[in-house]
Each structure stands twice: as C-alpha cells, then as structure tokens.
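Below is one structure, written out as structure tokens; the observations come after it.
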Amino acid sequence: MKVTVVGTGYVGLVTGACLSEMGNHVVCLDVDERKIRILNEGGIPIHEPGLKEVVHRNVAAGRLQFTTDIAAAVGHGTIQFIGVGTPPDEDGSADLQYVVAAATNIGRHMTDYKVIVDKSTVPVGTADKVREAVRAALARRGLEMEFAVVSNPEFLKEGAAVEDCMRPDRIVVGADDERAILLMRALYTPFMRNHDRLLAMDVRSAEFTKYAANAMLATRISFMNEMALLAERVGADIEQVRKGIGSDPRIGTHFLYPGTGYGGSCFPKDVKALIHTGDQSGVSLQVLKAVEAANERQKHVLVDKIVEQFGADLSGRTFALWGLSFKPNTDDMREAPSRVIVAELARRGARLRAYDPVAMEEAARVMGDVPGLSLVASQGEALQGADALVVITEWKEFRNPDFDAIKSTLAQPLIFDGRNLYDPAFMRSIGIDYRAIGRPLKK
77 MKVTVVGTGY
87 VGLVTGACLS
97 EMGNHVVCLD
107 VDERKIRILN
117 EGGIPIHEPG
127 LKEVVHRNVA
137 AGRLQFTTDI
147 AAAVGHGTIQ
157 FIGVGTPPDE
167 DGSADLQYVV
177 AAATNIGRHM
187 TDYKVIVDKS
197 TVPVGTADKV
207 REAVRAALAR
217 RGLEMEFAVV
227 SNPEFLKEGA
237 AVEDCMRPDR
247 IVVGADDERA
257 ILLMRALYTP
267 FMRNHDRLLA
277 MDVRSAEFTK
287 YAANAMLATR
297 ISFMNEMALL
307 AERVGADIEQ
317 VRKGIGSDPR
327 IGTHFLYPGT
337 GYGGSCFPKD
347 VKALIHTGDQ
357 SGVSLQVLKA
367 VEAANERQKH
377 VLVDKIVEQF
387 GADLSGRTFA
397 LWGLSFKPNT
407 DDMREAPSRV
417 IVAELARRGA
427 RLRAYDPVAM
437 EEAARVMGDV
447 PGLSLVASQG
457 EALQGADALV
467 VITEWKEFRN
477 PDFDAIKSTL
487 AQPLIFDGRN
497 LYDPAFMRSI
507 GIDYRAIGRP
517 LKK
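Here's what the structure looks like:
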C-alpha cells in the first residue's frame, strides 16, 4: 500500500519506518528541512533503540523516503497519517495548529480519495476540525472530493517504540466510513498474524481512548508516589508493598514503581489536556488534578532529602547526578524530573556533575546554562569531588555499579536513589548511607 506520514518525530518516524518494514511504500513528509536532510544523509534525529536499523534497511530497499515536497507527499499515499506535534497551549489545551495545517495541506493538493488518519494524540473533536480544514481547502479550489477522517491513536512507549509498533497489543481505529475501515484493516493485518487486535469504534471514542489510557497510567504513578511518601512516615517499605499489591491480578505490576515523578512528551501534556477538556465541558476532573499536583510535588522529593541532610544552603557542596532523560532508552528531556532537581540544587548553590548515557547533547541544549552544572563523560567522572550520588534515571548500567569505587570516590558514602535501584540491607552491609523513595531508614 502507498502511505504518507506527515511528521518525522517519535510518532511519525516510527510509524513510517514500521509500515515500510511490512512491505508498504511510505513517504515521510516534514517541513523541517534540517530533519529531512539528516534522514536523507542516513542520520536519525531522535534516539530510539532499533529505529536506525529499520530506517536504513527500508531506505535501501526503496520502500521508505523522506521529503519536504508537500504536493508530492499528498499525491503519493491513499492513506495519509498525521503524526505532528500537539504541544500544550498556555491554558493546558492541546495546540492543534500543526494538525490543522497538515489537514489543510492535504486538502490543497489531493486529487483523489484519501483516508486521513489522526495518529497524533489529539482531544475529542479533532477529527471534526480536520474534516472542516480539508473541506475548506477543497472549497477554495472549487472542488468537492470524497475523503474519510480516521482516529488511530498511537500507543508507543519511548524507548520501546519500534517493538510496540511491530507487535501492538491493540490497534484502535475510530471511523464512520466502511471503506476507510477496510483499508485500515488491510494496512494493519500483517501486524496481527496471531489474532485480531484491531478495535473498531466511533471516532470520538477512539480519540478519548488515548487520553484515558495515559491518564490512567499517570494516575497509577502518582498513586504509588503518594503511597511511598506515607510509607516512609509510617515505617513501611514501599517496594514490599508494591509486590504485595501487584500480585493481585486485578491490579497487576505495571506502572507501580515509585520514583521522582513522571515526565516526557505524553503524560504531562495529556493529563493537562484532559483536565482542560473536562473544565471546558463542565466536568471538573478532580482525580486528575490531584494526579498532576502529586506529580509536581514528587519532582522535589529528592531535593527535600538532600536539604534534610545538608541544610538549605548547598554552597560548597557538589553532587554527582546519574541520569537526566525522563526515562531510560531515550534522550527525551521534556518535562524530565531531572530538570526540576538540577534547577533546585543549583538555586541553592550546589555544584553538579551530571552524566546520562544518551541524553548529554539534549541536556546541554535545555540546561547547559545552569550555573554550577558540568556535563561529564562517564558515571565515574561524575563522582569526582562529589559529596553524594543522586540517581535520577534508572538506566541499566546504573543497576549494579562498582560500589567500592563509589565509596572511595565520594567525600562520604551517601546515595540518594530516586528509582529504588538498590537493596537497602546490602547498602548498609557495605557501609553506604542509602536514601531511597518510600523506604524507611534503618541504622
């Protein structure tokens, strides 16, 4: 099948690459000439495990192309995916200007039937706006032409997006056009060899499904983070509690890990957008407002622990920071807890030595001007001259480090662990003062 994907960010590039992997001829369109130049030169503008190999393989096979030519891209695909950004507006709503612009361009250049697919995470009612934009563009050309608008939200986890795309646990398709549903089913059939995972529903329900899913996951994270705060106060170990409740099949084990709060491009934005939709519709979403407030508080928990140990004035103190991206296996720094932690520690006068396996370039871009912050080349270098180690992101290489080297390098054997990577009893046995999330201190 001939497919066009508008946007070459996480959603668009992964979607286009995986569709081409299944034999489709895919053209990826972006108005950002720099991105397209990088892709056409063999580079990948984002960090996503496995993506480079899929892209290079399908470019070489002639199934995947990148362009800034809007007319050619619209002319190519019967199915037109819109996978552009929907950043939060000042009031928390999703900014749909790029989605509407993409739809308008399709209307300006289409010459035959198109299935226009909203792949970006968009609020309920966006399909209507896309439909209106296409019709308006056609009307300005003096044309009426048949087309369908479909909601097909992505459920890709950063750091595992290629795997999620190639082996989806569900494919949600919202449409009221039978021809469009048949084309979407044909497109996705190669991804469903074992059993049918396609859920066909009305457009608004499909749009709502993505927001509801992310809001539920964010709620679980904030719930566990609040339980962790209480566990510390009452002398319980949140990791034992997590195992106890996660063994209940009604609850399950996913998204029950306490930490420094959620971040990234999805959960913060989508929770805000859903709250805004509720307010606009006369339904105050009290649970989600609490989820958002709890998450903001959680980003300060590690700083509070450091201040409790060293005092409010951190001048003359140096801290090693391990991990800056909002989660492992990505270089994404959007809404990352590390940004709050770095800013707060720097504001209190601390010097910081930070290391991340893949996010150093992005970290330099978003917080390179923070006073006292040094971005270093290794986790060992981060420890040099530090009073304590602060673990922010749970990269695999941090899970079993050289504790003897940590002890001998730090001014004092002290670890603040925002991801509960280590066993408190083992830390005590080797003489390391260990402060984690939701785990009581035992001398």
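Add 76 to the 1-based position in the sequence shown for the working numbering, that's all there is to it.
For every residue, glycine included, the Cβ atom is placed at its ideal position computed from N, Cα and C.
Note that this is a predicted model, so its numbers are computed, not measured.
For residue i, name the three-state secondary structure that DSSP assigns.
| i | result |
| --- | --- |
| His101 | strand |
| Lys190 | strand |
| Phe231 | coil |
| Asp145 | coil |
| Ile321 | helix |
| Ile506 | coil |
| Lys375 | coil |
| Arg273 | coil |
| Asp556 | For the chain, the structure presents residues 77 to 519; residue 556 sits outside this window and is missing. |
| Val248 | strand |
| Asp355 | helix |
| Ala370 | helix |
| Phe299 | helix |
| Arg511 | strand |
| Ala93 | helix |
| Thr336 | coil |
| Ala388 | coil |
| Asp346 | helix |
| Asp493 | strand |
| Val520 | Here the chain comprises residues numbered 77 to 519, so residue 520 is not present and cannot be evaluated. |
| Thr394 | strand |
| Leu517 | coil |
Could you name the residues of the same chain whose beta carbon sits closer than 6 Å to that of residue i, not counting the 5 residues immediately before and after it, in chain order?
| i | result |
| --- | --- |
| Leu517 | none |
| Lys111 | Thr84 and Pro121 |
| Arg184 | Ala213 |
| Ser414 | Leu400 and Ile468 |
| Arg515 | Asp313 and Pro500 |
| Leu490 | Ala464 and Asp509 |
| Tyr333 | none |
Ignore the nearest five residues each way along the sequence and tell me which others in residue i's own chain have a CB closer than 8 Å to its CB.
| i | result |
| --- | --- |
| Gly119 | none |
| Asn134 | Ala93, Ser96, Glu97, Val102 and Leu140 |
Can you tell me the Cβ-Cβ gap for residue i and residue j, rounded? I've got them flagged as a contact below 8 Å.
| i | j | result |
| --- | --- | --- |
| Ala349 | Gly159 | About 17 Å; that fails the 8 Å criterion. |
| Trp471 | Pro433 | 5 Å |
| Met77 | Ile155 | 7 Å |
| Gln283 | Thr202 | The sequence as given places Glu at residue 283; Gln does not occur at that position. Indeed they touch by this definition, with Cβ atoms about 6 Å apart. |
| Met260 | Val226 | 6 Å |
| Lys195 | Asn228 | 6 Å |
| Val210 | Leu172 | About 14 Å; that fails the 8 Å criterion. |
| Leu41 | Asp245 | Absent from the structure is residue 41, since the part of the chain shown begins at 77 and ends at 519. |
| Val102 | Val81 | 6 Å |
| Gly153 | Tyr174 | About 18 Å; that fails the 8 Å criterion. |
In chain order, what residues of the same chain lie with their CB nearer than 7 Å to the CB of residue i, ignoring the 5 residues before and after it?
| i | result |
| --- | --- |
| Leu378 | Thr336, Ile417, Val466, Phe492 and Gly494 |
| Gly75 | Outside the modelled stretch of the chain, which goes from 77 to 519, sits residue 75, for which no answer is possible. |
| Ile506 | Phe479 |
| Glu222 | Tyr189 |
| Leu497 | Val467, Glu470, Phe474 and Arg475 |
| Gly311 | Pro516 |
For the stretch 457-464 against the stretch 395-406, do three or more pairs of beta-carbon atoms, one drawn from each stretch, fall closer than 8 Å, so that the two count as touching? Yes: at least three Cβ pairs fall under 8 Å.
4-residue-minimum alpha helix (DSSP H) runs that sit fully inside the stretch 155-232, ordered along the chain: 173-185 and 202-216, all fully within the stretch 155-232.
Please specify which runs of the alpha helix (DSSP H), each continuous and at least 4 residues long, are wholly inside the stretch 400-483, giving them in chain order. The stretch 400-483 contains these whole alpha helix (DSSP H) runs: 413-423, 436-443 and 455-459.
Looking at C-beta atoms only, is the number of pairs between the stretch 319-328 and the stretch 365-373 that lie closer than 8 Å three or more? Too few Cβ pairs lie closer than 8 Å, so no.
Are at least three pairs of beta-carbons, each pair with one atom in the stretch 439-452 and one in the stretch 424-431, less than 8 Å apart? Output reads yes: the stretch 424-431 touches the stretch 439-452.
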